[in-house]
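A.B. asks:
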Amino acid sequence: MPDLSFKQANALYIHFPFCSSKCPYCDFYSVKYSKKRVDLYWFALFMELEELSQKVDNNLLQTIYFGGGTPSLVPPFYIKEMIKLIRKRFRVTPTAEITAEVNPASINEEKIVALKRAGINRLSVGIQSFNDHHLSFLGRESSGEKNKKILNLVNNYFNNYSADLIFALPNQTLNELKKDLETLLSFKPPHISLYNLEIHENTPFYKRYNRGELKLPAEELDAEMYEFALEQLTAADYQHYEISNFAQRAYRARHNYIYWLFEPYLALGPGAAAFDGSCRSENIADLNHYLKYYNPEKLSFKEIIENNQLLDSVKKFNPNPEIKIRNLNCLSKKEQMAEYSFLALRTSAGIFYHQFYRKFDLEFKLVYKDEIKELKSSKLIKEGNERIYLTEKGKELANEVFLKFLLD
Ligand code: SF4
């Protein structure tokens with residue numbers, strides 16, 4: 001099977017595909033949490049890590065990201081051991097950003113402290129709202145009060161963390177968003193991610209939306225909410241450095257920035273996608289299939305670690321070549337240029353012409369002459385200092401801008 005070829009990858013993503021229940025808007029791959037399966041899964045993850053470490057030439061990691069799913073359900077012992085193993089197999093910069101996503105419903109002070117001791121230096125907290133009605137609509141197992149309590153604790157132990165907020169919920173008023181923002185800003189989180197509710201295919205919300213049972217706010221209100229949030233966050237000294245992301249000075253999300261810069265990244269776990277600069281490989285999103293491939297003997301990670309048998313297990317590991325574990329998709333140069341462009345346009349810096357030239361050996365202004373002309377006349381992009389970037393209107397209508405590059 002053809003595979004990715006990494007010359008350099010600065011980031012490693014680790015998927016934890018377990019949640020205690022499924023939020024009806026979410027399309028990330030996850031299954032019901034079970035302690036036993038997490039233990040089997042962790043061994044499988046380690047086997048994939050071993051395999052991956054053989055493939056990468058220059059493996060100096062700048063960022064490690066535990067995403068999901070709900071990584072805060074993993075006992076911190078597992079996270080600690082995984083970070084130790086990553087450090088054995090890869091060179092990790094001393095200043096590496098090591099993030100774990102946490103759900104307020106499955107975290108407490110003891111776990112926050114244990115995650116920090118395990119080597120996590122940044123948390124991404126799935127707050128989404130402080131309004132109990134909206135939290136329950138979103139299927140979140142937390143409450144406004146619990147979210148505040150967790151943010152307080154996170155603030156006590158972590159300098160660097162992010163909080164996610166969702167807006168443009170059915171029947172949400174501007175005043176409710178204002179209250180959510182005020183509450184969030186009272187904690188002064190170093191980083192905030194702000195998303196409007198999107199309806200994804202194959203989710204319970206998608207079915208309800210199609211049956212007419214769920215109505216999103218009108219486009220004008222959605223735009224008004226977004227503009228309002230921008231004003232509030234900018235006034236509170238946050239840099240709007242990416243369409244959905246805001247940071248205090250020096251607290252930009254370094255891991256995600258690697259995605260937006262179209263740079264290579266490694267990934268582990270079912271449903272996780274890695275990228276080598278021109279091809280993307282996506283592990284099949286099926287936990288049973290993944291376990292069959294990477295842990296066919298159903299070995300317990302905890303027992304193997306406690307009995308010091310990891311090296312023996314690695315030597316014995318012999319995956320079945322008949323089992324297809326991932327799909328590979330290589331982008332043509334035209335597709336690479338399009339992806340590079342719309343990812344860079346997500347950032348406030350936009351596209352620098354010299355960087356585009358260095359990457360593709362072509363002039364951005366010649367390749368996208370017509371698109372630039374059209375987007376400039378619709379006031380969606382601006383040009384200046386040898387770069388283009390989105391205007392405020394362009395940020396609101398970002399998907400329209402991106403389509404121009406993709407549909408060329
Ligand atoms: S907890 Fe997060 S990953 Fe799990 S279903 Fe909800 S939104 Fe999706």
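Using full-length UniProt numbering, the first residue of the sequence shown is number 1, and each one after it goes up by one. Just so it is clear, CB atoms sit at the ideal spot from N, CA and C, and this is done for glycine as well. Since this is a predicted model, take the numbers as computed values, not measurements.
Can you tell me where the alpha helix (DSSP H) holding Tyr-357 begins and where it ends?
C.D. replies: 353–360 is the span of the alpha helix (DSSP H), which, as asked, contains Tyr-357.
A.B. asks: Out of curiosity, what's the CA-to-CA distance linking Asn-307 and Lys-315?
C.D. replies: For Asn-307 and Lys-315, the distance between alpha carbons rounds to 16 Å.
A.B. asks: So the alpha helix (DSSP H) Lys-178 belongs to, where does it begin and stop?
C.D. replies: Counting along the chain, the alpha helix (DSSP H) containing Lys-178 begins and ends at 174–186.
A.B. asks: Can you find at least 3 beta carbon pairs, one from the segment 24–42 and one from the segment 54–62, that sit closer than 8 Å?
C.D. replies: Not touching, per the Cβ criterion.
A.B. asks: Please determine whether the Cβ atom of Lys-22 lies at a distance below 7 Å from any heavy atom of ligand 1.
C.D. replies: Checking every heavy atom of ligand 1 against the Cβ of Lys-22, one is found closer than 7 Å.
A.B. asks: Quick check: Leu-123 and Tyr-161, are their CB atoms within less than 8 Å of each other?
C.D. replies: Result yes, Cβ atoms of Leu-123 and Tyr-161 sit closer than 8 Å.
A.B. asks: Given 7 Å as the limit, tell me if Thr-70 has its C-beta closer than that to any heavy atom belonging to ligand 1.
C.D. replies: Under cutoff, so the answer is yes.
A.B. asks: Is it true that the segment 290–307 meets the segment 95–103, where meeting means three or more beta-carbon pairs spaced less than 8 Å apart?
C.D. replies: At 8 Å Cβ cutoff, the stretches do not touch.
A.B. asks: Provide the residue span of the alpha helix (DSSP H) that contains Leu-380, from first to last.
C.D. replies: Per DSSP, Leu-380 belongs to no alpha helix (DSSP H) and is neither H nor E.
A.B. asks: Report buried or exposed for Gly-212, applying the criterion of at least 16 other Cβ atoms within 10 angstroms of its Cβ.
C.D. replies: With fewer than 16 other Cβ atoms within 10 Å, it is exposed.
A.B. asks: What are the boundary residues of the alpha helix (DSSP H) that Tyr-340 is part of?
C.D. replies: Note, Tyr-340: alpha helix (DSSP H), 333–346.
A.B. asks: Between Glu-97 and Thr-70, is the Cβ-Cβ spacing less than 8 Å?
C.D. replies: Contact: no.
A.B. asks: On a Cα-Cα basis, can you pick out the residue from Phe-46, Gly-277, Ala-344 that is closest to Arg-89?
C.D. replies: Out of Phe-46, Gly-277, Ala-344, Phe-46 has the C-alpha closest to the C-alpha of Arg-89.
A.B. asks: Please list the terminal residues of the continuous beta strand (DSSP E) segment that includes Asp-3.
C.D. replies: Taken as a continuous stretch (DSSP letters only), Asp-3 belongs to no beta strand (DSSP E), as it is neither H nor E.
A.B. asks: Answer yes or no: does any C-beta atom of chain C fall closer than 8 Å to that of Asn-159?
C.D. replies: Absent from the structure: chain C. Only one protein chain is present.
A.B. asks: Return the Cβ separation of Gly-68 and His-133 in integer angstroms, given the expectation that the two are a contact with Cβ distance under 8 Å.
C.D. replies: 25 Å between Cβ atoms; not a contact.
A.B. asks: For the alpha helix (DSSP H) containing Gln-309, name the first residue and the last one.
C.D. replies: Looking at the DSSP string, Gln-309 is not in any alpha helix (DSSP H), and its letter there is neither H nor E.
A.B. asks: Using only the alpha-carbon positions, how far apart do Tyr-78 and Glu-50 sit?
C.D. replies: So the alpha carbons of these two residues sit roughly 16 Å apart.
A.B. asks: Confirm, please, whether the CB-CB distance from Val-154 to Ile-112 is below 8 Å.
C.D. replies: Taking 8 Å as the Cβ cut-off, Ile-112 and Val-154 qualify as a contacting pair.
A.B. asks: Counting Cβ pairs, one atom from each stretch, are 3 or more of them under 8 Å apart for the segment 321–341 and the segment 275–293?
C.D. replies: The segment 321–341, when compared against the segment 275–293, does touch it at the 8 Å Cβ threshold.
A.B. asks: Under the three-state reduction of DSSP, which class applies to Arg-254: helix, strand or coil?
C.D. replies: Correct three-state label for Arg-254: helix.
A.B. asks: Going by Cα to Cα distance, which pick from Asn-108, Asn-329, Arg-387 is closest to Asp-3?
C.D. replies: Asp-3 has its Cα closest to that of Asn-329, out of Asn-108, Asn-329, Arg-387.
A.B. asks: Once you ignore the five residues that flank Asn-196 on each side, which residues in its own chain have a CB closer than 8 Å to its CB?
C.D. replies: Same-chain partners within the cutoff: Ile-166, Phe-167, Ala-168, Asp-222, Met-225, Tyr-226.
A.B. asks: Could you give the distance in angstroms between the alpha-carbon of Phe-360 and the alpha-carbon of Phe-352?
C.D. replies: Taking the straight line joining both Cα atoms gives about 12 Å.
A.B. asks: Taking 7 Å as the cut-off, is the beta-carbon of Ser-377 closer than that to any non-hydrogen atom of ligand 1?
C.D. replies: Outside the cutoff, so no.
A.B. asks: Below 8 Å on the Cβ atoms is my guess for Phe-18 versus Tyr-33; work out the distance and round it to an integer in Å.
C.D. replies: That belief holds up - the Cβ atoms of Phe-18 and Tyr-33 are roughly 4 Å apart, short of 8 Å.
A.B. asks: Whose CA, out of Ser-186, Glu-396, Lys-393, Gln-336, lies closest to the CA of Leu-406?
C.D. replies: The shortest C-alpha separation from Leu-406 is found at Gln-336.
A.B. asks: I'd like the span of the beta strand (DSSP E) that includes Gly-212, first residue to last.
C.D. replies: Run containing Gly-212: none; DSSP gives neither H nor E here.
A.B. asks: Measuring CB to CB, does Asn-245 end up less than 8 Å from Asp-180?
C.D. replies: No, the Cβ-Cβ distance between Asn-245 and Asp-180 is not below 8 Å.
A.B. asks: Taking 7 Å as the cut-off, is the C-beta of Ile-103 nearer than that to any heavy atom in ligand 1?
C.D. replies: Rather than Ile, the amino acid found at residue 103 in this sequence is Asn. Yes, since a heavy atom of ligand 1 falls inside the 7 Å radius drawn around the Cβ of Asn-103.
A.B. asks: Under 7 Å from any heavy atom of ligand 1, does the C-beta of Cys-26 make it?
C.D. replies: Yes, Cβ of Cys-26 sits closer than 7 Å to a heavy atom of ligand 1.
A.B. asks: Over the uninterrupted beta strand (DSSP E) stretch that includes Asp-164, give me the two end residues.
C.D. replies: Where Asp-164 is concerned, the enclosing beta strand (DSSP E) stretches over 161–167.
A.B. asks: Measuring only the C-alpha atoms, how far is residue 458 from Pro-204?
C.D. replies: Nothing about residue 458 can be read from this structure; the chain reaches only from 1 to 408.
A.B. asks: Is the Cβ-Cβ distance between Pro-190 and Tyr-251 less than 8 Å?
C.D. replies: Contact flag set, yes.
A.B. asks: Which first and last residues belong to the beta strand (DSSP E) in which Tyr-13 is found?
C.D. replies: Tyr-13 -> beta strand (DSSP E) spans 11–16.
A.B. asks: At the level of alpha carbons, what is the spacing between Ala-349 and Asn-108?
C.D. replies: Their Cα atoms are separated by approximately 38 Å.
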